[in-house]
Amino acid sequence: MNPLLPLRDAWFFFTRHLTTLVPLCLPWIFLESLLQQQIDEAVGPQQMGAWSLVAGLLFYPLYTAALILFMDARGRDERPRVGQLWSAALRLWPAFALLAALTSLLIVLGLSLLILPGIFVMVKLSFAEFCLVLRGRSPLQALRESFEFTRGRFFLILACSLVILLPVWSLEAWLADSAGDAVVLRVALHTLSGFFQLLLTIVAFRIYSLGPAPRNGM
1 MNPLLPLRDA WFFFTRHLTT LVPLCLPWIF LESLLQQQID EAVGPQQMGA
51 WSLVAGLLFY PLYTAALILF MDARGRDERP RVGQLWSAAL RLWPAFALLA
101 ALTSLLIVLG LSLLILPGIF VMVKLSFAEF CLVLRGRSPL QALRESFEFT
151 RGRFFLILAC SLVILLPVWS LEAWLADSAG DAVVLRVALH TLSGFFQLLL
201 TIVAFRIYSL GPAPRNGM
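The sequence shown begins at 1 in the UniProt record's numbering and counts up one residue at a time.
Pasting the structure below:
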């Protein structure tokens, strides 16, 4: 499949439902960015890594699970309220946080070996969140199923991920240098970056919803 197709669909969904995505996800992303900024000031950049992961585990499962539930509901032409999605996401938080921790650990382990193993793991685990939220799988089952379900779609997922992440990361790095020590601006930029990275979940969900891929290849 041409990567432009799921990217186009993801952008269309993102822009069409922007008025829902902002109240659904942006408050949690802002709180995550604010907490990470406070951690950075408290412990310093050298010890930021582990504490930043903890901050992410608090909020990332909430807004990502809510987003997945919203996309699934819209696929069935349902219009759940933001409060309903938050409530459902909160119930999923313990399992989702464990899944996010395991995923982060595996990706970091892969990156510590070489860059390519980390990228491989990141792509192969890109469906794990959908397996947990939509199929009711345990974190370990979700990891195993993601490895299976991404078979035959590795390069499609990789291409779509790079198209989204590289510009966002580049812009974030440039703006972070421009922001300097302006705390409010740094929090705002990190929040906007996190919000636009929702496109990564949306495009992965679009590929996931296409159903089983050919079983040959990665």
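Using N, Cα and C, we set each Cβ at its ideal position, and we do this for glycine too.
Item                                                                                                                                       : Value
CB leucine 34 to CB valine 187, shorter than 8 angstroms?                                                                                  : yes
Rounded to whole angstroms, what is the Cα-Cα separation between leucine 18 and arginine 153?                                              : 28 angstroms
Quick one: is glutamine 84 buried, meaning 16 or more other Cβ sit within 10 Å of its Cβ, or exposed?                                      : exposed
Can you have a look at alanine 97 and say buried or exposed, based on whether 16 or more other CB atoms are within 10 angstroms of its CB? : buried
Whose CA, out of Leu21, Thr201 and Leu134, lies closest to the CA of arginine 81?                                                          : Leu21
Given a cut-off of 8 angstroms, decide if glutamate 129 and isoleucine 68 are closer than it, judged by their beta-carbon atoms.           : yes
Rounded to whole angstroms, how far is the Cβ of leucine 7 from the Cβ of valine 123, which I believe are closer than 8 angstroms?         : The Cβ separation is near 16 angstroms, so there is no contact.
Does DSSP classify threonine 103 as helix, strand or coil?                                                                                 : helix
Does the Cβ of arginine 16 have 16 or more other Cβ atoms within 10 Å, making it buried, or fewer, making it exposed?                      : exposed
In angstroms, rounded to a whole number, what distance separates the CA positions of valine 183 and alanine 65?                            : 29 angstroms
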